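Report on the following structure.
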Amino acid sequence: MAVLNLTEARIRDLPLGSGIWRDEQAKGLLVVCHKTTKTYAVQGDVRRNGRHIRTVRVKIDRCDRIGLREARRQARELMSRIQSGEDPTARAPETGITIAELLERYVADRELRPTTEESYRTHVAKYLKGYRTRAAADITRQEVRDLYDQLKTRHGKTTASGVMRTFRALLNEAIRIDETIADNPVQHLRIATPKPRTVAPIDLAKWWANTEELMPLRRDLHRAFMFTGIRKTSLLLAERRDIDLERGTLLLRHMKVNGPMIVPLSDFLIELFRRRMDEDERIGSRWLWPAPKAKSGHVEVAREKHKDGFPSPHAYRHLYRTLSIAAGVPYAESALLLGQRLPGASGGYVHPEHLVEHLRKYQQMVTDYLLQSAGVRNVRRETNDGSASIPVVA
5 MAVLNLTEAR
15 IRDLPLGSGI
25 WRDEQAKGLL
35 VVCHKTTKTY
45 AVQGDVRRNG
55 RHIRTVRVKI
65 DRCDRIGLRE
75 ARRQARELMS
85 RIQSGEDPTA
95 RAPETGITIA
105 ELLERYVADR
115 ELRPTTEESY
125 RTHVAKYLKG
135 YRTRAAADIT
145 RQEVRDLYDQ
155 LKTRHGKTTA
165 SGVMRTFRAL
175 LNEAIRIDET
185 IADNPVQHLR
195 IATPKPRTVA
205 PIDLAKWWAN
215 TEELMPLRRD
225 LHRAFMFTGI
235 RKTSLLLAER
245 RDIDLERGTL
255 LLRHMKVNGP
265 MIVPLSDFLI
275 ELFRRRMDED
285 ERIGSRWLWP
295 APKAKSGHVE
305 VAREKHKDGF
315 PSPHAYRHLY
325 RTLSIAAGVP
335 YAESALLLGQ
345 RLPGASGGYV
355 HPEHLVEHLR
365 KYQQMVTDYL
375 LQSAGVRNVR
385 RETNDGSASI
395 PVVA
C-alpha cells in the first residue's frame with residue numbers, strides 16, 4: 005500500500021486499477037483505485053481494552069462526488085469512532101423473514117385457541133395474500149395505509165381492523181426477530197376500534213315464556229347461558245364428563261383466558277343439567293349439547309334464527325354481569341363467576357378454583373333473582389335420601 009501526500013491533482017492522475025493509496029495527512033484515509041472508479045475510504049484497527057478486535061474499512065464516497073477536504077473531515081470523524089472501540093461496519097444482518105414465515109413462528113411460540121389460530125391464518129391467506137412472500141423489512145407505511153383503505157372499501161371496517169391487528173402483531177414479531185427492523189409501519193395507522201356493544205334491557209318474564217316455546221334442548225341452552233354468563237365456545241364445547249352433579253360443578257376446559265375453570269352450579273342449574281343428561285343419554289354422545297346431524301357432533305349455533313326475544317351468547321354474558329350486581333353479588337365475586345381476571349397486581353393472587361364453594365352462594369343469589377324477576381316460583385323438594393334439595397320450577 006503506497007503512501008502519498010494526496011492532492012486533488014494527484015488523485016486525478018492516479019491510474020485506474022492501481023490499487024490502494026494512503027494519505028500522509030489524514031490518518032486512515034485511503035484512495036482506492038478500482039478498474040472503473042476511484043473512491044475514498046477509511047481503514048483502522050478496532051481495539052478494546054488493549055485487545056485488537058478487527059481491522060475495518062469503511063467506504064466514504066466516490067472521488068468525483070466529494071472533494072479531498074471533505075473526505076479528510078469525514079475520515080477524521082470515522083477514525084475517532086474506530087479508535088474509541090466502535091466498529092462502524094457492525095450492523096445486524098437482515099433476516100429477510102416473510103409474513104408467511106412470521107405467521108408460523110407466531111403460532112408456534114404461543115398457546116392459541118384453535119379459533120384464534122384459524123382467524124390469523126384466514127387473515128394471512130385471504131386478505132394479506134399479496135404480502136405472504138414479502139420480507140417484513142421491505143413493507144412500508146404507505147403500503148399498509150393503501151391496504152387498509154382497500155380492505156375498508158371491499159370488506160368493511162370491522163374486517164379491515166381485524167386484519168390490520170393481525171398484520172401489526174406479525175410485524176411486531178418481526179421486530180423481535182430482525183434487529184434491522186426499527187419500526188412497525190402498521191403502528192402508525194388509526195385502526196378503527198369496535199363500537200361499544202349495547203345490550204338492551206330484558207323483560208325476564210317474557211324471555212322465560214319465549215324459552216318455553218323452544219325444543220327442550222334449545223330451551224335449556226338459552227337458560228344455561230342466562231343463568232351462568234358462560235362464553236359461547238366454552239359452553240358449547242362442554243362434555244357430559246365435565247358435569248359433576250354430586251359436587252354441583254361444571255368444568256369448562258375451553259376458556260378464552262386463564263385456563264380451565266370450575267363453575268359452581270345453583271340448585272336450578274343442577275336440576276337443568278340433570279334433566280338434560282337424562283334425556284340425552286339415549287343418544288350416546290360425549291357432548292353436553294349433542295347434535296348428531298352436525299359435523300362436530302354438538303350444537304354449533306347458539307342463536308334462534310328468525311325469532312326475536314333471544315339475546316346472543318355474548319349479550320347473555322353482559323346481562324349476567326349486570327343482573328348479578330342487581331342481585332347483590334359483590335363486584336369481585338361477579339367477575340370471578342364469569343371467569344374474568346380481577347384488576348390490579350393482587351388479582352393475580354386470586355385463584356378461582358380454590359373458591360368454588362365460596363362462589364356457590366353468589367351463583368345461587370343470581371339464580372334466585374332471575375327466577376323471581378321472571379315470575380317463576382322455585383319450589384324445593386327433598387331428594388329420595390333426604391340429603392339435598394333440588395328445585396322444581398312451577
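According to my numbering, the sequence shown is numbered sequentially starting from 5.
A virtual CB, placed ideally from N, CA and C, is assigned to each residue, including glycine.
Nothing here was measured: the structure is a model prediction, and the numbers come from that model.
Query	Result
Have a look at the DSSP bridge pairing and note the partners of Trp25.	Ala6, Val35
My assumption, with CB atoms under 8 Å, is that Pro189 sits in contact with Ile143. Please give the rounded CB distance.	6 Å
Do you know whose CA, among Pro92, Val35, Ser165, lies nearest Val50's CA?	Pro92
If you count every other CB in all the chains shown that lies within 10 Å of the CB of Leu20, and 16 or more means buried, which is it?	exposed
Check His56 in the structure and name its three-state DSSP category.	strand
Taking the beta carbon of Leu33 as the centre, do at least 16 other beta carbons fall within 10 Å, making it buried, or is it exposed?	buried
With 16 other CB atoms within 10 Å as the buried threshold, where does Asp17 fall?	exposed
Lys309: which of Leu218, Val354, Arg290 sits nearest, CA to CA?	Leu218
Pro317 lies in the alpha helix (DSSP H); which residues open and close that run?	317-330
Taking only runs of the beta strand (DSSP E) that begin and end inside the segment 238-294, which ones reach a length of at least 3 residues, in chain order?	253-256, 265-268
When we look at the beta-carbon of Gly252 and count the other beta-carbons within 10 Å, is it buried (16 or more) or exposed?	buried
Taking just the CA atoms, how far does Val354 sit from Asp187?	38 Å
Taking the C-alpha atoms as reference points, what is the distance between Asp284 and Val167?	41 Å
What is the residue span of the alpha helix (DSSP H) that Arg381 lies within?	Segment: none, Arg381 is in no alpha helix (DSSP H) and carries neither H nor E.
Nearest to Arg169 by alpha carbon, out of Arg180, Val148, Glu183, Arg158?	Val148
Going by C-alpha to C-alpha distance, which of Leu132, Ser22, Ala140 sits closest to Leu151?	Leu132
Does DSSP put Ser391 in a helix, in a strand, or in coil?	Residue confidence is low: Ser391 scores 45 on pLDDT, short of 50, so the model does not pin down where it sits. No coordinate-derived value is stated.
Does any CB atom of chain C fall closer than 8 Å to the CB of Arg278?	Included in the structure is just one protein chain, with no chain C present.
Rounding to the nearest angstrom, what Cα-Cα distance links Ile4 and Ile179 in this structure?	In the structure as shown, the chain starts at 5 and stops at 398, and residue 4 therefore has no counterpart that could be examined.
In whole angstroms, what is the alpha-carbon distance linking Gln87 and Ile101?	35 Å
In angstroms, rounded to a whole number, what distance separates the CA positions of Arg227 and Thr162?	30 Å
At 4 residues or longer, and completely inside the segment 157-188: list those alpha helix (DSSP H) runs for me, N to C.	161-181
On a Cα-Cα basis, can you pick out the residue from Asp282, Ala306, His358 that is closest to Pro264?	His358
Measure the Cβ-Cβ separation of Val36 and Leu10 and say whether it is below 8 Å.	no
Any idea what DSSP makes of His355, helix, strand or coil?	coil
Which one of His38, Arg61, Tyr124, Lys39 has the shortest CA to CA distance from Gly48?	Arg61
Mark Val7 as exposed unless 16 or more other C-beta atoms lie within 10 angstroms of its C-beta, in which case mark it buried.	exposed
Please state whether DSSP places Lys63 in a helix, a strand or coil.	strand
Is the segment 209-218 in contact with the segment 309-318, if contact means three or more CB pairs nearer than 8 Å?	yes
Do Leu273 and Phe229 come within 8 Å of each other at the CB atom, strictly closer than that value?	no
Let me know the secondary structure DSSP gives Arg51 once reduced to three states.	strand
Just the C-alpha distance for Gly134 and Leu342, rounded to the nearest angstrom, thanks.	41 Å
Quick check on Arg321: buried or exposed, where buried means 16 or more other Cβ atoms within 10 Å of its Cβ?	buried
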